[in-house]
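Below is one structure, written out as structure tokens; the observations come after it.
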Amino acid sequence: MKTEKPPFLGFGLGLRPQHYEEILSGSPTVDWFEVLSENYMIAGGQPLHILDQICERYPIVMHGVSMSIASTAPLDMDYLRDLKTLAERVNPKWISDHLCWTGVHGVNLHDLLPIPYTEEALNHVVDRVSKVQDVLGRRLTLENVSSYVTFGQSEMSEWEFVSEVANRADCWLLFDVNNVYVSAFNHGFSTDDFLQGIPRDRVVQFHVAGHSHEDDHIVDTHDHPVCDEVWDFYREAVTHFGPVSTMIERDDNIPPLAEVVAELDHARKIAGEVAERAQLTAAE
Amino acid sequence: MSSFKDFQDSFQRGILERDDTILSDVKDSTTESRSVLIGVYRHAYVARLAEILGDDYEQVHAYLGDEGFARLVKAYIDANPSDKRNARWFGRHMPTFARETAPFSNHREVSEIAALEKALSDAFDGPNAEPLAIDQLAALAVDDWPQLTFQPHPTAIRLTFTTNAAAIWSALKDETAPPDLVRYPEPQALLVWRQDFMARFRPLDPEESMMWNETTKGVRFGILCEMVAMFGGEDDAEIRAATYLRDWIDSGLLAGYEVE
Ligand SMILES: [Fe+2]
Chain F
8 MKTEKPPFLG FGLGLRPQHY EEILSGSPTV DWFEVLSENY MIAGGQPLHI
58 LDQICERYPI VMHGVSMSIA STAPLDMDYL RDLKTLAERV NPKWISDHLC
108 WTGVHGVNLH DLLPIPYTEE ALNHVVDRVS KVQDVLGRRL TLENVSSYVT
158 FGQSEMSEWE FVSEVANRAD CWLLFDVNNV YVSAFNHGFS TDDFLQGIPR
208 DRVVQFHVAG HSHEDDHIVD THDHPVCDEV WDFYREAVTH FGPVSTMIER
258 DDNIPPLAEV VAELDHARKI AGEVAERAQL TAAE
Chain B
64 MSSFKDFQDS FQRGILERDD TILSDVKDST TESRSVLIGV YRHAYVARLA
114 EILGDDYEQV HAYLGDEGFA RLVKAYIDAN PSDKRNARWF GRHMPTFARE
164 TAPFSNHREV SEIAALEKAL SDAFDGPNAE PLAIDQLAAL AVDDWPQLTF
214 QPHPTAIRLT FTTNAAAIWS ALKDETAPPD LVRYPEPQAL LVWRQDFMAR
264 FRPLDPEESM MWNETTKGVR FGILCEMVAM FGGEDDAEIR AATYLRDWID
314 SGLLAGYEVE
């Protein structure tokens with residue numbers, strides 16, 4: 008099994024079909040791309056043809072939405088086989104999905120559903136991650152999702168749950184800065200508690216994204232530019248974790264490539280400032 | 064306290080059937096009630112699936128308008144909980160659903176526009192195969208020709224329509240007013256396939272449609288010529304058959320041949 012910690016890739020973007028042409032003709036200053044696995048788990052045609060070209064030019068990571076790692080339904084071996092086939096084609100630096108479930112009883116709700124943070128759920132997830140890692144022959148990377156509910160039966164905080172999964176299943180973490188911000192707002196916990204609660208050596212990727220405010224809660228819609236509060240939290244995350252491969256995640260209202268590249272440059276600038284400060288402090 | 068399995072069962076029923084059992088597990092937040100919070104998931108579920116169907120069936124949407132399409136989408140979502148991991152396949156039952164479900168079943172063109180959109184999507188990301196090139200046939204001996212069978216390109220599919228749904232689709236796609244609905248006395252065929260990464264379609268006249276259908280069954284070229292002669296008359300039958308074949312090759316509709 009591939010177990011060494013993946014490299015720092017720099018600053019990347021989610022690959023979106025709206026940007027295919029510009030990427031292939033313009034070679035934008037993007038260090039790497041994250042591809043949505045399900046979009047390429049298809050038979051053939053243009054999407055895979057373009058993916059092959061982008062894989063030749065950029066490092067790639069794969070990001071899925073339907074592994075349903077926390078589901079109590081049996082593992083979907085067909086899905087894992089197709090995912091592995093795609094991984095053989097793409098040769099990704101890592102494969103990620105979300106620490107959530109998407110359905111039971113053969114139904115897929117196409118949503119990232121919340122988990123009660125119990126010892127029982129933890130044992131279940133840890134066991135599933137180990138099995139999936141065996142099938143894929145590599146460590147999995149799991150992302151914290153944003154949630155809108157908390158459950159009476161929860162026995163620990165989200166960050167304790169996430170950390171325990173990572174440590175016990177020996178997997179990597181994708182730290183979604185926006186999701187932590189959204190969940191902290193909705194559930195009234197401190198983003199700093201979450202940050203401090205996550206083991207430094209487990210985090211291999213950041214997601215930075217926008218969201219929308221609806222009345223008294225925030226929905227993680229990924230359809231807005233990144234807001235100042237999330238940028239501030241990103242700065243804290245970089246300070247805490249050090250250099251971590253960072254990506255702007257935009258799923259809806261997709262703007263021209265230049266606009267997301269500009270957001271990515273902003274992330275680069277923040278990370279640069281943090282690194283500079285760290286050097287100065289070290290030199291003192 | 065329910066087990067994790069019971070929890071997921073109850074949460075899913077809370078979304079799919081709007082069953083409120085799950086509410087006893089959920090806590091109110093400082094600002095919102097538990098039912099509002101579960102409502103976020105209930106709303107997101109329907110909204111996401113509706114968005115998927117809207118992307119898959121843009122011209123059905125344009126034809127029915129927002130209200131009509133919303134009604135179709137709601138009925139579809141209620142009747143077809145997604146059973147695939149990949150959202151790509153969620154809408155695959157739409158042509159059948161629209162054909163069989165009132166009031167859409169009274170308007171066959173709705174199902175047929177959906178069938179065309181589905182076929183185009185399927186052709187777009189369907190299996191790859193190198194198209195048969197005319198040069199590959201150049202070396203064949205004259206005697207081989209009657210023994211030839213052809214493999215259709217794996218993306219090629221023949222649809223039969225009872226209305227001018229294809230013309231309606233084309234007009235809507237170009238954002239122009241669709242033509243008046245025409246119901247055909249006899250169903251008419253069209254072919255959908257992918258060429259040079261583009262999904263395409265074109266109508267088939269009855270004779271070509273018959274020959275295509277027989278070709279896909281592996282009927283030899285010699286027999287195909289006889290069938291064309293029977294179908295449309297002896298004169299020039301071989302030329303007509305060869306012309307269809309040549310056009311299929313030029314269009315990337317064939318992926319190989321064998322000499323039986
Ligand atoms: Fe994310």
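Protein chains in written order, with my numbering: chain F, 8 to 291; chain B, 64 to 323. Every residue gets a Cβ at the ideal spot worked out from N, C-alpha and C, and that includes glycine. This one's a predicted model, so the numbers in the text were calculated from it and none came from an experiment.
For residue 297 of chain B, the three-state secondary structure derived from DSSP is coil. Across the set F:262, F:211 and F:142, the C-alpha of F:211 shows the shortest separation from the C-alpha of residue 250 of chain F. Annotated three-state conformation of residue 29 of chain F is helix, per DSSP.
Using a Cβ-Cβ cut-off of 7 Å, residue 49 of chain F is close to 151 and 188 of chain B, given in chain order.
Taking CB atoms only, residue 127 of chain B has no neighbour in chain F less than 8 Å away. Against chain B, the CB of residue 53 of chain F has a partner CB under 8 Å away; the residue lies at that interface. In chain order, 322 place their CB closer than 8 Å to the CB of residue 207 of chain B, counting only its own chain and leaving out the 5 sequence neighbours on each side. Not a single CB atom of chain B sits nearer than 8 Å to the CB of residue 15 of chain F. Within 7 Å of the C-beta of residue 124 of chain B there is not a single heavy atom belonging to ligand 1.
Annotation for residue 225 of chain F: the continuous beta strand (DSSP E) segment containing it runs 224-226.
If you check the C-beta of residue 150 of chain F against ligand 1, you find a heavy atom less than 7 Å away. Contact check between the stretch 175-188 of chain F and the stretch 217-227 of chain F: three or more CB pairs, one atom from each, fall below 8 Å, which counts as touching. Within the stretch 126-150 of chain F, the residues whose Cβ lies closer than 8 Å to any Cβ of chain B are, in chain order, 127, 128 and 131.
Judged by beta-carbon spacing, residue 147 of chain F lies within the 8 Å limit of residue 139 of chain F, meaning their Cβ atoms are closer than that value. Below the 8 Å Cβ cutoff, chain F contributes 115 as neighbours of residue 147 of chain B, in chain order. The C-alpha of residue 258 of chain B is placed about 11 Å away from the C-alpha of residue 188 of chain B.
Within the stretch 77-159 of chain F, the complete alpha helix (DSSP H) runs of at least 4 residues fall at 84-97 and 126-143.
In the DSSP secondary-structure assignment, residue 212 of chain F is bridged to F:181 and F:252.
Across the set B:68, B:87 and B:77, the C-alpha of B:77 shows the shortest separation from the C-alpha of residue 106 of chain B. At a cut-off of 8 Å between beta-carbon atoms, residue 156 of chain F makes contact with chain B. Shown here for residue 93 of chain F: same chain residues with a beta carbon closer than 8 Å to its own, the five before and five after excluded, namely 44, 47, 48 and 69 in chain order. Residue contact check for residue 245 of chain B against chain F: no CB pair falls below 8 Å. For residue 231 of chain F, the three-state secondary structure derived from DSSP is coil. What residue 191 of chain B touches in chain F, judged by beta-carbon distance under 9 Å, is 50, 51, 52, 55 and 56, going in chain order. When DSSP reads this structure, residue 67 of chain F sits in a beta bridge with F:40. Using a CB distance below 7 Å, the part of the stretch 30-50 of chain F facing chain B consists of 45, 48, 49 and 50, ordered along the chain.
In this structure, the beta-carbon distance from residue 164 of chain B to residue 138 of chain B falls below 8 Å. Residue 118 of chain F counts as buried, since no fewer than 16 other beta carbons sit within 10 angstroms of its beta carbon.
For a Cβ distance threshold of 9 Å, nothing in chain F lies close to residue 160 of chain B: the least Cβ distance comes to about 17 Å.
Within the stretch 212-298 of chain B, the runs of alpha helix (DSSP H) at least 4 residues long that lie entirely inside it are, in chain order, 228-236, 269-279 and 284-295. Secondary structure at residue 268 of chain F: helix, using DSSP grouped into helix, strand and coil. Exposure of residue 220 of chain F is indicated by the presence of fewer than 16 other C-beta atoms within 10 angstroms of its C-beta. Here residue 254 of chain F is near residue 20 of chain F, since their CB atoms are less than 8 Å apart. Distance from the C-beta of residue 191 of chain B to the nearest heavy atom of ligand 1 is not below 7 Å. Put simply, of B:98, B:184 and B:284 the residue whose alpha carbon is nearest the alpha carbon of residue 262 of chain B is B:184. The Cβ neighbour count for residue 296 of chain B, taken over all protein chains shown within 10 Å, is under 16; the residue is labelled exposed.
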